[in-house]
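The structure under discussion appears below in the form of structure tokens.
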Amino acid sequence: QRYATFDAMKAKAPIEKHATQVAIEGLFASGALPPADGNKQQETADLRLAPSTPAIDSGLPLPGFNDGFAGKAPDLGAYELGAPLPHYGPRPIK
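When you line the sequence shown up against the working numbering, it's residues 11 to 104, in that order.
Spelled out as structure tokens, the structure:
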């Protein structure tokens, strides 16, 4: 289904009633943008949200999934604003 505007989609598509529209420019604190060429290997991007984006505090609480959020609601995206980044991959032997 196509809708004329974002607001029309939110009003008429039940699954999208909580959608939040964000601009890619200024979305990430690092200034990360989508790659110009999706066929080339990219450096790992820092995808923590910028504090000024409307994605902050725009999520819905999901028990057992995004517990412990800061602010009035969970942030959209993988990382909660101000939380430490998780460590991925092997860890050094202590």
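Glycine included, C-beta positions come from ideal geometry on N, C-alpha and C.
For my contact list, residue i and residue j are in at a C-beta cut-off of 8 Å; report their separation, rounded to the angstrom.
{"i": "Asp85", "j": "Ala65", "result": "6 Å"}
May I ask you to report which of helix, strand or coil DSSP gives residue i?
{"i": "Phe16", "result": "helix"}
{"i": "Glu90", "result": "coil"}
{"i": "Ile25", "result": "helix"}
Have a look at the DSSP bridge pairing and note the partners of residue i.
{"i": "Leu59", "result": "Phe38"}
Count the other CB atoms, across all protein chains shown, that sit within 10 Å of the CB of residue i; report buried if there are 16 or more and exposed otherwise.
{"i": "Gly74", "result": "exposed"}
{"i": "Ser68", "result": "buried"}
{"i": "Leu43", "result": "exposed"}
{"i": "Arg58", "result": "buried"}
{"i": "Leu37", "result": "buried"}
Does the pairing of the segment 68-78 with the segment 35-53 give three or more beta-carbon distances under 8 Å? no
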